[in-house]
Amino acid sequence: MLHFYTKPPVPADEIQGRLLPARALGSSGIPFVVFAEDALAFVHFVPTYEFQFTVLVPDELVQEAVQHLQKEIPSYHVTQGRDYRLLDKNGVCALPRAVQLQWDASEEKELLHTPEEILIVPQSHFHFDVNDPTRSRGLIPPFDPSNSRILFPTMPAFLDAIIDSMFEPVDGVSHLYFKMSYLSCFLSYLVLYNVRDYDGCTDPATDELLPAAKALLEGVKAENLPFLETFMRTGSTRLTPPEVRAERERIKATRLAPPS
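Below, the structure written as structure tokens:
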């Protein structure tokens, strides 16, 4: 039986430990948002296991972020390892310009839940702008004051990042495993645990989207709305009609067209 949450599904000490790298990066002045599972759990109340601690930073500041984290927390070192969900069968990474840090196993952790791995990702990999204040948010109170400046994607920004990455893979790198085990998984979690209905996103009597499902559409980019609504009705990213992709391209072109 699923359980829906109205607060983070993990204890405060786990949040405090997981956010250690974010607090360290916060002292650098580099803008960033916490992404992936930690964002899902801490601000969108999705009960998911935390993998790599993932942050998005401006593309030109990736190396500076890596250097700052290693200076502040010397137990982390750069590694060529990657989460299996990011790799295809040939070892090609879906986030080719990301940098991964690994905790030195010989070092003792002061905080139990300190992440084993940190992934520093250029924001363009997820079509995100960490400097746009309308696309990020903080933790929901109560929280430790040391975490007050740490930001996470808003719901619309998270959904847009996922959908944009599905349709427009970064650097031309895309593979089915990343789409299904990473992007689609995040999308499913966000919809399921925010619509909060065991029977899906539509009213079985009218086939209309439930109010909570309609609320998820608010603030999402216009070009991503047809796909998101199709997903909420079908529950699958594999059932996207070709016309939805064509409509997305048309709507985006219209949105980005210079005023006449």
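So the sequence shown is numbered by my numbering: it starts at 503 and just counts up by one. The beta carbon of each residue, even a glycine, is placed where N, CA and C say it ideally should be.
Check	Outcome
At which residues does the alpha helix (DSSP H) containing Glu774 begin and terminate?	Absent from the model: residue 774. The displayed extent of the chain is 503 to 762, so no value can be given.
Could you work out which residue in Val548, Phe654, Gly702 and Ala759 is closest to Thr508 when comparing CA atoms only?	Val548
Quick check on this structure: which residue in Thr636, Ile575, Ala514 and Leu542 has the alpha carbon closest to the alpha carbon of Ser690?	Leu542
Write down the C-beta distance between Val559 and Ile620 rounded to the nearest angstrom, noting that I regard them as a contact closer than 8 Å.	No, Val559 and Ile620 are not in contact; Cβ-Cβ is about 11 Å, not under 8 Å.
With distances taken between CB atoms, is the gap from Thr722 to Asp662 smaller than 8 Å?	Looking at the sequence shown, residue 722 is not Thr but Val. Contact flag set, yes.
Is the beta carbon of Ser648 sitting closer than 8 Å to the one on Glu574?	no
By alpha-carbon positions, which one of Thr739, Ala659 and Arg651 ends up nearest to Glu720?	Ala659
Relative to the C-alpha of Pro671, which residue among Ser626, Leu653 and Ser577 is closest?	Ser626
Quick one: give me the first and last residue of the beta strand (DSSP E) that Pro643 is part of.	Pro643 -> no beta strand (DSSP E), and no H or E assigned at all.
Alpha carbon to alpha carbon, what distance is there between Tyr684 and Ser676?	12 Å
What is the DSSP secondary structure of Phe729, reduced to helix, strand or coil?	helix
Taking the continuous beta strand (DSSP E) assigned at Leu711, which residues delimit it?	Run containing Leu711: none; DSSP gives neither H nor E here.
Suppose the cutoff is 6 Å on Cβ atoms and the five residues either side in sequence are ignored; what does the same chain contact list for Arg587 look like?	Ser683 and Tyr684
Could you please give the first and the last residue of the uninterrupted alpha helix (DSSP H) stretch that includes Ile753?	Pro744 to Leu758
List the residues that DSSP assigns as beta-bridge partners of His627.	Beta-bridge pairing links His627 to no other residue.
Should Ala714 be labelled buried (16 or more other beta-carbon atoms within 10 Å of its own) or exposed?	exposed
Tell me whether Pro510 is buried or exposed, calling it buried when 16 or more other Cβ atoms sit within 10 Å of its Cβ.	buried
Are there 16 or more other CB atoms within 10 angstroms of the CB of Thr636, so buried, or fewer, so exposed?	exposed
Counting C-beta neighbours from all protein chains within 10 Å, is the total for Tyr551 16 or more, i.e. buried, or is it exposed?	exposed
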